[in-house]
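I have placed the structure first, in the form of structure tokens, so that the comments after it can refer back to it.
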Amino acid sequence: MTTTNTTMTQPDAAPELNVTIDLPAASAPLYTAILDTELGPILLTSDGIHLTGLYLEVSEAIDARLDRAFGVEATPKDGLEVFHRTEAQLGEYFAGERSQFDLPLAAKGTEFQRSVWTALTQIPYGSTAGYGELAEMLGRPGAARAVGAANGKNPISIVVPCHRVIGADGSMTGYAWGEEKKRYLLTLESRP
């Protein structure tokens, strides 16, 4: 597998971040749908308008995480437009026909976490970056560990590409969904 490390620019020359990750409304409902994909079942969540989560497994642990984060009962609702758009764009991504996603996003998290998640969207398709590079991009060069912690709490996998972050030595550092899935995604993105 060949991956290319990106060279993140210094904060004063950083590219303008063009992806917005909104904060869902405090009283927003929680809708879910399950997709069957090449990586197995994927759980999608939404507030009815935004994609609020993309989880690479369906489990009681994820259900408990959603209960803690949202405090409302999840309602299955396959018919949401954002779910249809996500399914179509994921299909194109897995077929090697899409390298960027165009979806309305909202994620529960601190301002710092959302800034890290937004920075993740700036790592180009087919490239990787280290935690230190992301910290520098955010103007917080000493915050590599905090960036790593925020990366690990990213609720919108693949679309917000936390799988593109690797260790400073090029190692496949922790990925919530397992090294096999991370390697699969990076291999997919490295194909010509």
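Counting from 1, position 125 in the sequence shown corresponds to residue 255 in the working numbering; the numbering is continuous, with no gaps.
C-beta: ideal position from N, C-alpha, C; glycine also.
Unbroken beta strand (DSSP E) run spanning alanine 259, endpoints
What you label residue 259 is simply residue 129 of the sequence shown in a count that begins at 1. Start and end: 257-260.
Any chance you could list the alpha helix (DSSP H) runs of at least 4 consecutive residues sitting entirely within the region 167-215, in chain order?
190-200
Tell me whether threonine 251 sits in a helix, a strand or coil according to DSSP, three-state version.
Against the sequence shown, residue 251 aligns to sequence position 121. Three-state DSSP puts threonine 251 in coil, outside helix and strand.
Classify glutamine 230: buried if its beta carbon has 16 or more other beta carbons within 10 angstroms, exposed otherwise.
The residue labelled residue 230 in the question sits at position 100 within the sequence shown. Glutamine 230 should be labelled exposed.
Excluding sequence positions up to five away, which residues of its chain have a Cβ less than 8 Å from the Cβ of leucine 250?
Along the sequence shown, one-based indexing puts residue 250 at 120. Closer than 8 Å at the Cβ level, and outside the excluded window around leucine 250, lie Leu264, Asn281, Asn284, Val290, Pro291, Cys292, Arg294, Val295.
Quick check: the Cα distance between threonine 215 and histidine 180, rounded to an integer number of angstroms?
Counting from 1 along the sequence shown, the entry for residue 215 is found at position 85. Counting from 1 along the sequence shown, the entry for residue 180 is found at position 50. It should be noted that the sequence gives arginine, not threonine, for residue 215. Approximately 11 Å between the Cα atoms of the pair.
Inter-residue Cα distance where the pair is alanine 323 and leucine 220:
The requested residue 323 does not occur in the structure, where the chain is confined to residues 131 to 322.
What's the C-alpha gap between proline 159 and glutamate 190?
Position 29 of the sequence shown, counting from 1, holds the residue named residue 159. Position 60 of the sequence shown, counting from 1, holds the residue named residue 190. Spanning the two alpha carbons is a distance of roughly 19 Å.
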